[in-house]
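Asks: Numbering (my numbering), first residue to last: 366 to 884. Following this message is one structure expressed as structure tokens.
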Amino acid sequence: MAVYYQTYRPQKFSEVVGQESIVKALSQAVKLGRVGHAYLFTGSRGVGKTTLARILAKAVNCPKVKDGDPCGTCDVCTAIGRGTFLDVVEIDAASHTGVDNIRELIERINFGPSQGKTKVFIIDEVHMLSKAAFNALLKTLEEPPAHALFILATTDIDKVPETIISRTQRFDFRKITAPQILKTLESIVKQEKLKLPAGALEIIVENSEGGLRDALSQLSMISVLEKDHSESDIHLLLGTTSRATIEELLLFISKGQTAALPEFFAKQTELNFDASSFTRKTLGVLQELLEQTLAGQTRTDSLGQAFALPQILHIIRLYLRAYKEIEKALSPELPLLLASIEAALYMSGSGGQASKNIDNANSTPDSTKPVVSKAQVVIESPVTVVEEKLEIEQKSEEVAVSENSNVALTEDQVKGWWPELIAEVRKFNSPLATLLKNAPISKVEGNRVAVSVKYLFHKEQLESARMRTLINDYLSEQAGGSVAFIAVIDKNLSVSEKITDTAVVVSDALKIFGGELVE
Numbered sequence: 366m367a368v369y370y371q372t373y374r375p376q377k378f379s380e381v382v383g384q385e386s387i388v389k390a391l392s393q394a395v396k397l398g399r400v401g402h403a404y405l406f407t408g409s410r411g412v413g414k415t416t417l418a419r420i421l422a423k424a425v426n427c428p429k430v431k432d433g434d435p436c437g438t439c440d441v442c443t444a445i446g447r448g449t450f451l452d453v454v455e456i457d458a459a460s461h462t463g464v465d466n467i468r469e470l471i472e473r474i475n476f477g478p479s480q481g482k483t484k485v486f487i488i489d490e491v492h493m494l495s496k497a498a499f500n501a502l503l504k505t506l507e508e509p510p511a512h513a514l515f516i517l518a519t520t521d522i523d524k525v526p527e528t529i530i531s532r533t534q535r536f537d538f539r540k541i542t543a544p545q546i547l548k549t550l551e552s553i554v555k556q557e558k559l560k561l562p563a564g565a566l567e568i569i570v571e572n573s574e575g576g577l578r579d580a581l582s583q584l585s586m587i588s589v590l591e592k593d594h595s596e597s598d599i600h601l602l603l604g605t606t607s608r609a610t611i612e613e614l615l616l617f618i619s620k621g622q623t624a625a626l627p628e629f630f631a632k633q634t635e636l637n638f639d640a641s642s643f644t645r646k647t648l649g650v651l652q653e654l655l656e657q658t659l660a661g662q663t664r665t666d667s668l669g670q671a672f673a674l675p676q677i678l679h680i681i682r683l684y685l686r687a688y689k690e691i692e693k694a695l696s697p698e699l700p701l702l703l704a705s706i707e708a709a710l711y712m713s714g715s716g717g718q719a720s721k722n723i724d725n726a727n728s729t730p731d732s733t734k735p736v737v738s739k740a741q742v743v744i745e746s747p748v749t750v751v752e753e754k755l756e757i758e759q760k761s762e763e764v765a766v767s768e769n770s771n772v773a774l775t776e777d778q779v780k781g782w783w784p785e786l787i788a789e790v791r792k793f794n795s796p797l798a799t800l801l802k803n804a805p806i807s808k809v810e811g812n813r814v815a816v817s818v819k820y821l822f823h824k825e826q827l828e829s830a831r832m833r834t835l836i837n838d839y840l841s842e843q844a845g846g847s848v849a850f851i852a853v854i855d856k857n858l859s860v861s862e863k864i865t866d867t868a869v870v871v872s873d874a875l876k877i878f879g880g881e882l883v884e
């Protein structure tokens, strides 16, 4: 498989895509002989920081430089491109973080260049250096040898000490625009004579998040596909999520359909989705909705009238919080699921108080509570529910079942089938299998099987269309005739145990998916 991001890495300033102002400044500095002693390149991954560092190293050493641009073909340029030029030293600070690594580098600085005109030191991901390593580097940046050039690159400028920043010339790399990435991809597809499925390049551009290197890596992955493959094949291969999937999630939220969310995310997990990338993409769609709503633009798609401005703002805050929690969560999908459930409850009008409690708990600046490794949700004292409401819900459980079935089940029969049924459900959705396992069989009558659950949210999950079909089909196959499954809210549940839908959903999700509840 061709590695296009290496094959098509720019070798000259004139070949760089998307960083025109930086290219102009650096090439002009080379042309005028005014190259500084230290540069700091900052920006997101895959936007050309290391590539431009290597091109600058070529430019200050190339014997055939023209208008500040290296020739790219001489022995010096070729050696630097291969990484074999003795006077260009690259260090990955992510794996060389200690002060001893920097001291070793400083010792090499004292020796003049052996092959070229300038000794160049490229330190990638410089923010990963330890405090002692930064202090050792600082002295050299203050009084650098005339023959040395430092180029520091980072994706996290906030972690670079101000004392280092102030002694360098800083260049902020912007993300590559979608048209620029698409144009580059189209050029490579033409050169490589690839025959890709329709819409493949657009999917890559959408998921590259402004990083050309990521786009070229994804192009390498799908280069094995032929025209007859679908967009879903591309997403499955790349581990990405389509915009249609994001819109499906937002429609569930807009309609307050909490019961559909665990099944939705179970399906995404089966497709090996990345929770962080999914959240970023969801925030991107929400930001687009926000901007269009503020501008007074009318959408004609399914999301056109789904959200009002205050609702968009609130949901964006929920996903921003979830994005911060994903990295440290025991299960990366859990913060995303909780944010989605909370958003759906907010849209249905039943999540207001618990949402405020959670927001207030997270926004307390002087909190002295210890950090817990599992996902945490703070919920205040439970709120009781009026008993009459349960009576109404209980009456709704009288579901009509076909009288034509000749099946007459016994409880012992059903209990004998139950372990294998749970195993079948686990293949489809492990959390729902756990929920079914914890729901006791309350009644077996004729061809009807009922289980008891504590909360309405449990009932909605077990009676979702996909779950009911799976359970009914399995029981009917075992019984040799039509069987109907229902979930019944337990009448014997004491009032003190009943809490609001929001708290039930959050605490239940934490229990099933491995979180921790802080009272």
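Each residue gets a CB set at the ideal place from its N, CA and C atoms; glycine is no exception.
Looking at the structure shown, is Ala-815 part of a helix, part of a strand, or coil, going by DSSP?
Replies: Strand, per DSSP.
Asks: For the alpha helix (DSSP H) holding Leu-668, just list the boundary residues, first then last.
Replies: Element bounds for Leu-668: n/a, residue is neither H nor E.
Asks: From which residue to which residue does the beta strand (DSSP E) around Asp-537 run?
Replies: Here the beta strand (DSSP E) through Asp-537 covers 534 to 537.
Asks: Rounded to the nearest angstrom, what separates His-461 and Glu-557 at their Cα positions?
Replies: Spanning the two alpha carbons is a distance of roughly 37 Å.
Asks: Alpha carbon to alpha carbon, what distance is there between Pro-700 and Thr-623?
Replies: C-alpha separation (whole angstroms): 15 Å.
Asks: DSSP on Met-366, reduced to helix/strand/coil?
Replies: In this predicted model, Met-366 has a pLDDT of only 49, less than 50, meaning its place in the structure is not dependable; the value taken from the coordinates is given anyway. Reduced to three states, the DSSP call for Met-366 is coil.
Asks: Is it true that the CB of Gly-669 sits closer than 8 Å to the CB of Val-412?
Replies: Not closer than 8 Å, so no.
Asks: Who are the near neighbours of Ser-619 in its chain, counting only those whose CB is closer than 7 Å to its CB and skipping five residues on each side?
Replies: Answer for Ser-619: Ala-671, Phe-672, Met-712, listed in chain order.
Asks: Tell me whether the beta-carbon of Ala-852 lies closer than 8 Å to the beta-carbon of Val-818.
Replies: Yes, they are a contact pair.
Asks: Let's see if you can read the secondary structure: which residues bound the alpha helix (DSSP H) around Tyr-688?
Replies: Tyr-688 -> alpha helix (DSSP H) spans 674 to 691.
Asks: In this structure, how does DSSP classify Phe-629 when only helix, strand and coil are distinguished?
Replies: Phe-629 falls in the helix class under three-state DSSP.
Asks: Cutting at 8 Å between CB atoms, please list the residues of its own chain near Ala-687, excluding the five before and the five after it.
Replies: Thr-644, Pro-700, Leu-701, Leu-703, Ala-704.
Asks: Hey, quick one: how far does the alpha helix (DSSP H) through Ser-386 stretch, first residue to last?
Replies: From DSSP, the alpha helix (DSSP H) with Ser-386 extends over 385 to 397.
Asks: Give me, in chain order, the residues of the same chain whose beta-carbon lies closer than 8 Å to that of Thr-647; leave out the 5 immediate sequence neighbours on both sides.
Replies: Taken in chain order, the residues that qualify are Ile-611, Leu-614, Leu-615, Tyr-684.
Asks: At least one CB of chain D closer than 8 Å to the CB of Val-650: is that the case?
Replies: No chain D is present in this structure, which holds just one protein chain.
Asks: On the premise that Leu-636 lies in contact with Leu-590, defined as a C-beta separation below 8 Å, what is that separation, rounded to the nearest angstrom?
Replies: Contact flag wrong, Cβ pair sits at about 17 Å.
Asks: Report the three-state DSSP secondary structure of Phe-793 (helix, strand or coil).
Replies: Of the three classes helix, strand and coil, the one that applies to Phe-793 here is helix, per DSSP.
Asks: Under 8 Å between the Cβ atoms of Phe-617 and Leu-626?
Replies: Taking 8 Å as the Cβ cut-off, Phe-617 and Leu-626 qualify as a contacting pair.
Asks: In the DSSP assignment, find the beta strand (DSSP E) that holds Lys-484 and state where it starts and stops.
Replies: Residues 484 to 489.
Asks: Helix, strand or coil for Ile-569 per DSSP?
Replies: Three-state DSSP puts Ile-569 in a helix.
Asks: Taking the alpha-carbon of Asp-452 as reference, which of Val-430, Ala-830, Lys-540, Ser-479 has the nearest alpha-carbon?
Replies: When only C-alpha atoms are compared, the closest one is Ser-479.
Asks: Identify every residue that forms a DSSP beta bridge with Tyr-404.
Replies: In DSSP, Tyr-404 forms a bridge with Ile-516, Gln-534.
Asks: Beta-carbon within less than 7 Å of Glu-507's beta-carbon, same chain only, minus the 5 sequence neighbours each way: which residues are those?
Replies: Once the five neighbours on either side are set aside, the close Cβ partners of Glu-507 are Arg-532.
Asks: Could you please give the first and the last residue of the uninterrupted alpha helix (DSSP H) stretch that includes Phe-638?
Replies: Premise fails: Phe-638 is in no alpha helix (DSSP H) and is neither H nor E.
Asks: For Asn-426, which option in Tyr-373, Ile-706, Leu-514 has the closest C-alpha, if you only look at C-alpha atoms?
Replies: Measuring from the Cα of Asn-426, the nearest candidate turns out to be Leu-514.
Asks: Applying the criterion that 16 or more other CB atoms from any shown protein chain within 10 Å of the CB defines a buried residue, is Ser-595 buried or exposed?
Replies: Under this definition Ser-595 is an exposed residue.
Asks: Residues in its own chain within less than 6 Å of Arg-578 by CB, not counting five upstream and five downstream?
Replies: Correct list, in chain order: Tyr-370, Gly-411.
Asks: Who are the Cβ neighbours of Lys-396 in its own chain at under 7 Å, not counting the five residues just before and after it?
Replies: The residues are Asp-432, Gly-433.
Asks: Which word fits Phe-523, buried or exposed, when buried means at least 16 other C-beta atoms lie within 10 angstroms of its C-beta?
Replies: As written in the sequence, residue 523 is Asp, which differs from the Phe given in the question. Exposed is the call here.
Asks: Reducing DSSP to helix, strand and coil, say where Val-750 ends up.
Replies: Caution applies to Val-750, whose pLDDT of 41 falls short of 50 and renders its modelled position unreliable; the value that the coordinates give is listed next. If DSSP states are grouped into helix, strand and coil, Val-750 belongs with coil.
Asks: Going by alpha carbons, who is nearest to Pro-428 out of Pro-784, Phe-476, Val-491, Thr-483?
Replies: If we check each option's Cα against that of Pro-428, Thr-483 comes out closest.
Asks: Compute the beta-carbon to beta-carbon distance between Gly-383 and Gln-545, rounded to the nearest angstrom, for a pair I have assumed lies under 8 Å.
Replies: That pair is a contact at about 5 Å.
Asks: Classify Glu-776 as helix, strand or coil using the three-state DSSP reduction.
Replies: In the structure shown, Glu-776 sits in a helix (DSSP, three-state: H, G or I).
Asks: Going straight from the alpha carbon of Leu-502 to that of Ala-580, what length do you get?
Replies: Straight-line Cα distance between these residues: approximately 34 Å.
Asks: In this structure, how does DSSP classify Glu-810 when only helix, strand and coil are distinguished?
Replies: DSSP places Glu-810 in strand when its eight states are reduced to three.
Asks: Nearest-angstrom Cα distance between Ile-681 and Thr-443?
Replies: Rounded to whole angstroms, Ile-681 to Thr-443 spans 49 Å at the Cα level.
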